[in-house]
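Quick notes on the structure that follows.
In the UniProt record's numbering, the protein residues as written are 1 to 463.
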């Protein structure tokens, strides 16, 4: 093998590329006179035997070449682990021994064969051959005999591998030896090469359901379809043992002793509920969200829904009598001063009499996330004639709710999903109301405009 040391070259006679040493030849000893007396069968058998011999010869040659490559890799790896000073001393002594040999043509032939083997058979580019701990850069200040010959040999090797050299593309790159980790420049180039070759591979998945966006950035009901409901898990009901017969119209089938909810019914009921809550919000109604699951995710979803629609929420526990027995329940609560607001949610600064301040302000619509656990809330809403929207699972009586939405009510993902859609519809109604209020105030500021309740009613009816 040939080792390059800057402007110095040394030929190491570690092995010689000889295919004849490992080849197997089988020759036939039959002469022309004897061939004439052979039968066709014997001639065919002899031809088959020679063909098999040639195949074995080629296989043996390939095996020997493969073993030679493996041995070469092992030798190069061992050389990389030897210190540079030790390698240089060995090369100096080897150069002295080679200079004493009379047959320099034989050494030159061996050098050419080893060079061809390293560059063609091993397919090691120049920048990898020169990137060895026993390879040092050429120094223009070095002088000595044989420098011109070694420079010429170095240029010949570099010219054969210039197309594969990274140092030609990146002159400022300083390759690191194999026994050292990659530098920052090399890591950047490796990453850049990977991005160019493999960056566009694979497929891009679009329209993926992301439940983390349902609280802060919910979708509108127009963006919802059967696939999104299925991805959220709205189709999963309860076991057959907890089934209520009144939910039969909402059931699609059963699987593994669990009822599956028909998502077509869910989508239809959801669109109806969003229309109701949008209308209530556009008329200035009070919307109350109720969800008493002991989990922070539902508490956060309730809070965001109430902020989005300028409503109210109950997230911990529904106190029995909150609506029907307001005076007794609120005796221990601090009574804040009430203020009157207009349709723009701005205070009117008008005083409120004592009799009005003692009355309860009932919600115009109650949205219940887990109606099975909040039966008291449903009962109070029925007695007070307050419409309700609720998630109706297969263990819930749908007739108790004004606008039931058949879907899974135990999943936090479904709860956040439904709260986001309903609050988004309420937000749309709120924007309509605020826009109508701004238009009314703009018209009322003009001279000759008659401010009365009829004008307000017409303006809101248009909204």
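No residue lacks a Cβ here, since even glycine has one placed at the ideal position from N, Cα and C.
Residue pairing for residue 288: DSSP places it in a beta bridge opposite 312 and 366. According to DSSP, residue pairing for residue 277 in a beta bridge does not occur. Rounded to whole angstroms, the separation of the alpha carbons of residue 392 and residue 418 is 12 angstroms.
One Cα belongs to residue 340, the other to residue 286, and the distance between them is close to 14 angstroms.
CA-to-CA, the gap between residue 279 and residue 200 works out to about 48 angstroms. Annotation for residue 178: 80 place their beta carbon closer than 6 angstroms to its own, counting only its chain and skipping 5 residues before and after. When beta bridges are read from the DSSP output, residue 392 appears opposite 406. When secondary structure is reduced to three states using DSSP, residue 238 falls in the strand class. Counting every other CB atom within 10 Å of its CB across the protein chains shown gives residue 117 a total of 16 or more, marking it as buried. Straight through space, the alpha carbons of residue 435 and residue 196 are spaced by roughly 52 angstroms. The beta-carbon separation of residue 398 and residue 246, rounded to 6 angstroms, stays under the 8 angstroms limit for a contact. Measuring C-alpha to C-alpha distances from residue 241 to each of 321, 85 and 394 identifies 394 as the nearest. Leaving aside the five residues that flank residue 441 on each side, the residues in its chain whose CB is nearer than 8 angstroms to its CB run, in chain order, 344. In the structure shown, residue 209 falls within a coil segment according to DSSP collapsed to helix, strand and coil.
DSSP places residue 249 within a helical segment (H, G or I) once states are collapsed to three. The region 53 to 107 contains, as complete alpha helix (DSSP H) runs of 4+ residues, the segments 84 to 99 (chain order).
Rounded to whole angstroms, the separation of the alpha carbons of residue 210 and residue 75 is 55 angstroms. Separation of the CB atoms of residue 425 and residue 290 is rounded to 17 angstroms, and the pair is thereby denied contact status at 8 angstroms. Contact check between the region 215 to 230 and the region 406 to 423: three or more CB pairs, one atom from each, fall below 8 angstroms, which counts as touching.
The continuous alpha helix (DSSP H) containing residue 442 extends over residues 412 to 444. Short of 6 angstroms from the beta carbon of residue 270, and not among the five residues preceding or following it, lie these beta carbons of its own chain, in chain order: 405. For residue 371, the closest alpha carbon among the candidates 262, 77, 403 and 96 is that of 403.
Under a 10 Å Cβ-count criterion, residue 92 is classified as exposed, with fewer than 16 other Cβ atoms of the shown protein chains found around its own Cβ.
Between residue 408 and the set 252, 234 and 78, the nearest pair of CA atoms involves 234. Taking the C-beta atoms as reference points, residue 384 is found no nearer than 8 angstroms to residue 322.
Excluding the 5 residues flanking it on each side, residue 182 has same chain C-beta neighbours closer than 8 angstroms at 176 and 190, in chain order. According to the DSSP secondary-structure assignment, residue 347 is paired through a beta bridge with 341.
Residue environment for residue 111: buried (at least 16 other C-beta atoms within 10 angstroms of its C-beta). Annotation: the continuous beta strand (DSSP E) that includes residue 260 extends over 258 to 261. When C-alpha distances from residue 232 are compared across 266, 253, 254 and 257, the shortest belongs to 266. Sorting 387, 96, 58 and 414 by C-alpha distance to the C-alpha of residue 273 places 387 at the top. In the DSSP assignment, residue 121 falls outside any alpha helix (DSSP H) and carries neither an H nor an E. Between residue 389 and residue 276 a beta carbon distance of about 7 angstroms is seen, short of the 8 angstroms cut, so the two are scored as contacting. CA-to-CA, the gap between residue 311 and residue 432 works out to about 16 angstroms. Bounds of any alpha helix (DSSP H) do not take in residue 400, whose DSSP letter is neither H nor E.
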